[in-house]
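Residue numbers (our numbering): 1302 to 1414. Note that CB positions come from ideal geometry on N, CA and C, so glycine has one too.
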């Protein structure tokens, strides 16, 4: 299962990199969101995809699942949501001011002072 997840994570990273290298600001934001989801899957996969009981004191089981990767991913999801919301607000304001989401047009021209 970890091998399948590794291939899936690689495809997500490849798609995110392709989107982040485009000229559209909205595609860049979608690419960063996709990259963060790829990192979440990577953390979950590296933590181990094990089957076991919940880590409770009253239970006596042979195998327990580690709750730390899940807690880290939950925190990372909340942070990624906040950053994506901030990116969308800044992109909307930029589109209102400049009338375009093309990164080449936002660069401006050298020599204009």
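With 16 other CB atoms within 10 Å as the buried threshold, where does residue i fall?
i            : result
residue 1320 : buried
residue 1311 : exposed
Express the C-alpha separation of residue j and residue i in angstroms, rounding to a whole number.
i            : j            : result
residue 1317 : residue 1336 : 5 Å
residue 1305 : residue 1346 : 10 Å
residue 1461 : residue 1363 : Lying outside 1302 to 1414, the shown extent of the chain, residue 1461 is not represented and no answer is given.
residue 1401 : residue 1383 : 24 Å
residue 1379 : residue 1399 : 30 Å
residue 1381 : residue 1404 : 22 Å
residue 1371 : residue 1307 : 18 Å
residue 1390 : residue 1357 : 42 Å
residue 1350 : residue 1325 : 36 Å
residue 1408 : residue 1328 : 17 Å
residue 1303 : residue 1352 : 13 Å
residue 1330 : residue 1388 : 7 Å
What residues are listed by DSSP as bridge partners for residue i?
i            : result
residue 1365 : 1354
residue 1325 : 1403
Could you have a look at residue i and say whether DSSP puts it in helix, strand or coil?
i            : result
residue 1315 : helix
residue 1306 : helix
residue 1397 : helix
residue 1371 : helix
residue 1383 : helix
residue 1334 : helix
residue 1359 : coil
residue 1348 : coil
residue 1339 : helix
Taking the alpha carbon of residue i as the point to measure from, which residue in the options has its own alpha carbon closest?
i            : options          : result
residue 1314 : 1363, 1365, 1333 : 1333
residue 1340 : 1373, 1366, 1354 : 1373
residue 1367 : 1348, 1359, 1375 : 1348
Just to confirm, does residue i get its C-beta within under 6 Å of one of the non-hydrogen atoms of the ligand FAD?
i            : result
residue 1404 : You won't find the ligand FAD in this model; it holds no ligand whatsoever.
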